[in-house]
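Participant: Using the working numbering, read the sequence shown as starting at 155 and increasing by one per residue.
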Amino acid sequence: MTPQDPETDHGGWSSHQLKGDPHADPGKSERVRSMFTSIARSYDRNNRIHSFGLDRCWRTRAVRLAKARPGDHVLDVACGTGDLSEAFARAGVSQVTGVDFTPAMIDLARAKAARFGGNTTTVPQYMVADAQELPFEDGLFQVVSIAFGLRNVQEPSRALNEFYRVLSPGGRLVILEFSEPENRFIRWGSRIWTDRIMPITATMIAGDRSGAYRYLPRSIATFADSQSLVSMMEGAGFQCMEPERLTLGICTIHVGCKPT
155 MTPQDPETDH
165 GGWSSHQLKG
175 DPHADPGKSE
185 RVRSMFTSIA
195 RSYDRNNRIH
205 SFGLDRCWRT
215 RAVRLAKARP
225 GDHVLDVACG
235 TGDLSEAFAR
245 AGVSQVTGVD
255 FTPAMIDLAR
265 AKAARFGGNT
275 TTVPQYMVAD
285 AQELPFEDGL
295 FQVVSIAFGL
305 RNVQEPSRAL
315 NEFYRVLSPG
325 GRLVILEFSE
335 PENRFIRWGS
345 RIWTDRIMPI
355 TATMIAGDRS
365 GAYRYLPRSI
375 ATFADSQSLV
385 SMMEGAGFQC
395 MEPERLTLGI
405 CTIHVGCKPT
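1) Mind checking which residues open and close the beta strand (DSSP E) that includes residue 364?
2) If I follow the unbroken alpha helix (DSSP H) through residue 186, where does it start and stop?
3) For a test of the three-state rule: what should DSSP assign to residue 398, helix, strand or coil?
4) Measuring alpha carbon to alpha carbon, tell me which residue in 251, 276 and 197 is nearest residue 285.
5) At the level of alpha carbons, what is the spacing between residue 281 and residue 351?
6) Please classify residue 159: does DSSP put it in a helix, a strand, or coil?
7) Could you please give me the residues that DSSP links to residue 249 through a beta bridge?
8) Kindly indicate which residue of 255, 263, 308 and 261 has the alpha-carbon position closest to the one of residue 289.
9) Is the beta carbon of residue 278 less than 7 Å from the beta carbon of residue 267?
10) I'd like the ranges of any alpha helix (DSSP H) spanning at least 4 consecutive residues and lying wholly in the segment 253-307.
11) Among 238, 246, 180 and 249, which has the Cα closest to the Cα of residue 263?
12) Between 378, 321 and 206, which has its C-alpha nearest residue 303's C-alpha?
13) Please go through the same chain and pick out, in chain order, the residues whose beta-carbon is closer than 6 Å to the beta-carbon of residue 411, but skip the five residues on each side of it.
14) Does the segment 331-343 touch the segment 397-407, meaning 3 or more C-beta pairs lie closer than 8 Å?
15) Consult DSSP for residue 339 and reduce its assignment to one of helix, strand or coil.
16) Mapping DSSP to helix, strand and coil, what is residue 331?
17) Please check the pair residue 293 and residue 321, which I expect to be a contact at CB under 8 Å, by giving their CB distance rounded to whole angstroms.
18) Under a Cβ-count criterion, where at least 16 other Cβ atoms within 10 Å of its own Cβ denotes burial, should residue 346 be classed as buried or exposed?
19) Does the separation of the CB atoms of residue 414 and residue 323 fall below 7 Å?
20) Out of 236, 215 and 309, state which residue places its alpha-carbon closest to the alpha-carbon of residue 397.
21) Leaving aside the five residues before and after residue 246 along the sequence, list all residues of the same chain whose C-beta is less than 6 Å from its C-beta, in chain order.
22) Using CA coordinates, which residue listed in 176, 178 and 193 is at the minimum distance from residue 363?
23) Is it the case that the Cβ atoms of residue 231 and residue 300 are separated by a distance below 7 Å?
24) Can you give me the C-alpha to C-alpha distance between residue 242 and residue 338, rounded to a whole angstrom?
25) With DSSP collapsed to three states, give me the class of residue 348.
26) If we ignore side chains and look at the alpha-carbon of each, how far apart do residue 275 and residue 260 end up?
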């Protein structure tokens with residue numbers, strides 16, 4: 155059994171398109187938006203199941219590395235349904251703003267925030283916005299975060315420039331992203347899971363015809379490696395810390411500081 159090919163679905167990823175580099179597709183942004191619209195309602199469930207619950211641990215670690223303080227205003231880009239935004243709110247920062255360019259994701263994040271409000275004094279606020287063109291003034295935020303989202307941006311370098319612009323001097327950028335394990339045996343096992351098993355099980359859970367879970371492993375394999383991402387961050391002006399690999403290298407956290 156294989157996931158259905160969305161050749162006839164508007165905006166989805168076909169097998170033919172995924173044979174090449176999806177990051178080079180000029181229509182990537184619209185395909186990604188369509189993809190996340192399709193899987194929005196099952197997104198959290200699939201994340202928990204296919205990460206064995208580790209996605210929450212990864213986000214918690216990202217919050218710690220951000221070193222956010224009580225008075226900070228955090229911008230969570232590509233926030234999805236708001237998991238990382240809520241993790242920052244629990245950490246006690248004064249304001250959290252989550253943005254995502256998929257309205258269906260923002261709708262779910264707002265619904266979660268309404269239920270979340272009684273658990274903390276800080277309730278994340280959400281709005282639809284594109285990482286490549288943030289609707290905020292310069293230097294507004296002390297922390298900018300993006301979890302599993304930079305890989306989905308049409309022009310990551312353009313987004314990094316925007317993150318730098320909206321950060322205040324001394325602010326920190328935290329990027330949590332999937333990566334390829336360095337150990338070849340672990341990498342082999344990881345690829346079996348992401349390339350062969352997860353596209354079938356996640357597609358069944360989501361009832362998805364957009365090709366989202368076939369795009370995922372292909373987008374990881376063709377995205378910038380850790381060193382290349384560090385170079386991109388430095389090109390935007392960030393001073394980078396040593397990347398921290400999590401769970402045998404399945405994902406990596408990058409932290410960059412805007413000079414004072």
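Note that CB positions come from ideal geometry on N, CA and C, so glycine has one too. On a predicted model such as this, the values are computed, not experimentally measured, just so you know.
Facilitator: In terms of the structure at hand:
1) Mapped onto the sequence shown, residue 364 falls at position 210. Segment: none, residue 364 is in no beta strand (DSSP E) and carries neither H nor E.
2) Here the question's residue 186 lines up with position 32 in the sequence shown. Where residue 186 is concerned, the enclosing alpha helix (DSSP H) stretches over 182-193.
3) By one-based count along the sequence shown, residue 398 stands at place 244. Residue 398: strand per DSSP, three-state reduction.
4) For this step, residue 285 is matched to residue 131 along the sequence shown. Considering only alpha carbons, the answer is 251.
5) Locating residue 281 in the sequence shown gives position 127, where the first residue counts as 1. Locating residue 351 in the sequence shown gives position 197, where the first residue counts as 1. The alpha-carbon atoms of residue 281 and residue 351 are separated by roughly 34 Å.
6) For the purposes of this step, residue 159 is taken as the residue at position 5 of the sequence shown. With a pLDDT of 46 at residue 159, under the threshold of 50, the modelled position of that residue is not reliable, and no figure is offered here.
7) Here residue 249 is taken as the residue at index 95 of the sequence shown, counted from 1. Looking at the DSSP output, residue 249 sits in a beta bridge with 227.
8) As a working note, residue 289 is residue 135 in the sequence shown. Considering only alpha carbons, the answer is 255.
9) Here the question's residue 278 lines up with position 124 in the sequence shown. Here the question's residue 267 lines up with position 113 in the sequence shown. Taking 7 Å as the Cβ cut-off, residue 278 and residue 267 qualify as a contacting pair.
10) Runs of the alpha helix (DSSP H) inside the segment 253-307: 257-270.
11) Here residue 263 is taken as the residue at index 109 of the sequence shown, counted from 1. When 238, 246, 180 and 249 are compared, the shortest CA-CA separation from residue 263 is found for 238.
12) The residue you call residue 303 lines up with position 149 of the sequence shown. Of the candidates 378, 321 and 206, the one whose C-alpha sits nearest the C-alpha of residue 303 is 378.
13) The sequence position of residue 411 within the sequence shown is 257, counting from 1. Taken in chain order, the residues that qualify are 326 and 393.
14) Counting C-beta pairs closer than 8 Å gives three or more between the segment 397-407 and the segment 331-343, which meets the contact rule.
15) Stepping through the sequence shown from its first residue, residue 339 is reached at position 185. Helix.
16) Counting from 1 along the sequence shown, the entry for residue 331 is found at position 177. Residue 331 sits in a strand when the DSSP states are folded into three classes.
17) Here residue 293 refers to the residue found at position 139 of the sequence shown. Here residue 321 refers to the residue found at position 167 of the sequence shown. With a beta-carbon spacing of about 7 Å, residue 293 and residue 321 fall inside the 8 Å limit used to define contacts.
18) If you number the sequence shown from 1, residue 346 lands on position 192. Sixteen is the threshold: since fewer than 16 other Cβ atoms of the shown chains lie within 10 Å of the Cβ of residue 346, the residue is exposed.
19) As a position in the sequence shown, residue 414 is number 260, starting the count at 1. As a position in the sequence shown, residue 323 is number 169, starting the count at 1. Yes.
20) To locate residue 397, count along the sequence shown from 1; it is residue 243. Among 236, 215 and 309, the Cα nearest to that of residue 397 belongs to 215.
21) Counting from one through the sequence shown, the residue named residue 246 turns up at place 92. Contacts found: 224.
22) Working through the sequence shown from its first residue, we reach residue 363 at position 209. Out of 176, 178 and 193, 193 has the C-alpha closest to the C-alpha of residue 363.
23) Translated into the one-based positions of the sequence shown, residue 231 becomes position 77. Translated into the one-based positions of the sequence shown, residue 300 becomes position 146. Going by beta carbons, residue 231 and residue 300 fall inside the 7 Å limit.
24) Reading the sequence shown from its first residue, position 88 is the one you call residue 242. Reading the sequence shown from its first residue, position 184 is the one you call residue 338. Near 34 Å, if we compare the C-alpha coordinates of residue 338 and residue 242.
25) Numbered from 1 along the sequence shown, position 194 holds the residue referred to as residue 348. Looking at residue 348 - three-state DSSP - the assignment turns out to be helix.
26) Position 121 of the sequence shown, counted from the start, is the residue given in the question as residue 275. Position 106 of the sequence shown, counted from the start, is the residue given in the question as residue 260. Whole-angstrom Cα-Cα distance: 21 Å.
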